[in-house]
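K.L.:
Protein chains in written order, with this note's numbering: chain A, 65 to 364; chain B, 1165 to 1278. Beta carbons are placed, not taken as given, at the ideal position from N, Cα and C, and that holds for glycine.
(1) Just to make sure I have the definition right: I need the residues of chain B whose C-beta is within less than 7 Å of the C-beta of residue 336 of chain A. Which are they?
(2) Using a C-beta cutoff of 8 Å, does residue 1201 of chain B count as contacting chain A?
(3) Who are the neighbours of residue 273 of chain A on chain B, taking C-beta pairs under 8 Å?
(4) Buried or exposed: residue 117 of chain A, going by 16 or more other Cβ atoms within 10 Å of its Cβ?
(5) Is there a Cβ of chain A sitting closer than 8 Å to that of residue 1249 of chain B, yes or no?
(6) Between which two residues does the beta strand (DSSP E) holding residue 138 of chain A run?
(7) Return the Cβ separation of residue 288 of chain A and residue 297 of chain A in integer angstroms, given the expectation that the two are a contact with Cβ distance under 8 Å.
(8) Residues in the same chain with beta-carbon distance under 7 Å from residue 312 of chain A, minus the five sequence neighbours each way, listed in chain order, please.
(9) Any beta-carbon of chain A closer than 8 Å to the one on residue 1178 of chain B?
(10) Please list, in chain order, all residues of the same chain as residue 133 of chain A whose beta carbon is under 6 Å from its beta carbon, the five residues on each side excluded.
(11) Tell me, to the nearest whole angstrom, how far the beta carbon of residue 165 of chain A is from that of residue 247 of chain A; I am working on the premise that it is less than 8 Å.
(12) Can you tell me where the beta strand (DSSP E) holding residue 125 of chain A begins and where it ends?
(13) In the DSSP assignment, find the alpha helix (DSSP H) that holds residue 1258 of chain B and state where it starts and stops.
(14) Less than 8 Å between CB atoms is the rule here; does residue 1174 of chain B satisfy it with respect to chain A?
(15) Quick check for students: name the residue ranges of the alpha helix (DSSP H) that lie wholly in the region 280-318 of chain A, counting only runs of 4 or more.
(16) Does DSSP classify residue 353 of chain A as helix, strand or coil?
(17) In three-state DSSP terms, what is residue 74 of chain A?
(18) In three-state DSSP terms, what is residue 68 of chain A?
(19) Residue 1230 of chain B CB to nearest chain A CB: under 8 Å?
(20) Am I right that residue 260 of chain A and residue 229 of chain A are in contact with their C-beta atoms under 8 Å? What's the rounded C-beta distance?
(21) For residue 1255 of chain B and chain A, any beta-carbon pair shorter than 8 Å?
(22) Can you tell me where the beta strand (DSSP E) holding residue 249 of chain A begins and where it ends?
(23) Is residue 322 of chain A near residue 212 of chain A, with beta carbons less than 8 Å apart?
(24) Would a check of beta-carbon distances place residue 306 of chain A closer than 8 Å to chain B?
(25) Thinking just about the alpha-carbon of each residue, which of A/194, A/199, A/273 is nearest to the one in residue 234 of chain A?
(26) Is any beta-carbon of chain A found at less than 8 Å from that of residue 1211 of chain B?
(27) List the residues of chain B whose Cβ lies closer than 9 Å to the Cβ of residue 214 of chain A, in chain order.
(28) Checking 8 Å against the spacing of the C-beta atoms, do residue 239 of chain A and residue 145 of chain A come in under that value?
(29) Taking Cβ to Cβ, would you say residue 326 of chain A is nearer than 8 Å to residue 1184 of chain B?
(30) Residues of chain A with a CB under 7 Å from the CB of residue 1262 of chain B: which are they?
(31) On the DSSP letters alone, give me the boundaries of the beta strand (DSSP E) that residue 1181 of chain B sits inside.
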């Protein structure tokens, strides 16, 4: 996906006066799990109507008039996605409030009842198990990764018995949360939304690799896990078994390791971008190190 | 892919940004310093190419064999056993070669290419 910010001026209508808008366009080669711009637009409409903190979708360009590819325009939400930097300046009360905002929104999302005719919009994770999908990604790499192979085997053998499904954001991490004046103002990037285990989102959010050094703040590098759980439970009581969270943090780290290895191999004519991608590839071994540590901890 | 392969990709990408994007816009004095850095990168790159030629492919052969064994269930009864030592040793060596600073503080940086 490509994203641009637009400053636009309107006369009359609900966008009266100058508005800050976001144009989001599909790339020439959308990533496989992407639901596509059309579905993302429909989803944002549903979520906005249910009072979720998401951007208001305004226009859908199915035919690619604007960018050459399908695109959507939505209202820009005030807030920064680099909330980790801002978090260090917050006091414990503010962090607690922000963490609770996030837990409440995610709990509410995992409880959302989507009309059955709209479930088809989101690729059902159940069609292929998550572990199988990760094996497929591993097999696409031109080299072998025994640690990932071993971790997938371990995940297979230790799969939790409880299988619940709900609407998952699919990339719920601090980089996709907008924060302004110490409060959560928006959740963005719904491209990978799917039907899956709600702990997939929670594990991804809480995995250490997304805390960027704020390791003590187990809830996304932002706040305490207990505050997150409390607000999630208030919004969606008894939905998940929290004892399974360590398992899902391992799943998240394996997923990120595979993405990092893949990014390291991607080619682009943009030299700076290529350097960024190759450097991301070097995160792969760091994540393998983390996976070993996580599984060893569970074992002990 | 071996560490040497990955290392040469990184050095090539860094050298290309330096030579083609940064150096042309530098003042003549700074350009001289930057050219010295290019020289240093070239030396490191040549050494890495040499490592690739001298059998940098070998580790992947071993990794492939180990991966196949894991997938076929050879280690199923001892997934938490001796194999962890083998895997840990490999990861430690690769970390030492690529990002030794991570090994020291084990902190993930925010830098990510999406």
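P.N.:
The answer reads as follows:
(1) Within chain B, the C-beta atoms nearer than 7 Å to that of residue 336 of chain A come from 1181, 1185, in chain order.
(2) no
(3) 1272
(4) buried
(5) no
(6) 135-139
(7) Not really, about 14 Å apart at Cβ, beyond 8 Å.
(8) 263, 264, 266, 267
(9) True, the Cβ-Cβ gap to chain A drops below 8 Å.
(10) Contacts found: 89, 90.
(11) 6 Å
(12) 121-125
(13) 1246-1262
(14) yes
(15) The region 280-318 of chain A contains these whole alpha helix (DSSP H) runs: 289-299.
(16) helix
(17) Assigned with DSSP and collapsed to three states, residue 74 of chain A falls in strand.
(18) Residue state, collapsed to three classes: strand.
(19) yes
(20) 6 Å
(21) yes
(22) 247-251
(23) Result yes, Cβ atoms of residue 322 of chain A and residue 212 of chain A sit closer than 8 Å.
(24) no
(25) A/194
(26) By this cut-off, residue 1211 of chain B is not an interface position.
(27) 1230, 1231, 1234, 1239, 1243, 1247, 1248, 1251
(28) yes
(29) Against a cut-off of 8 Å, the Cβ pair of residue 1184 of chain B and residue 326 of chain A comes out as no contact.
(30) 346, 349
(31) Taken as a continuous stretch (DSSP letters only), residue 1181 of chain B belongs to no beta strand (DSSP E), being part of the alpha helix (DSSP H) at 1167-1181.
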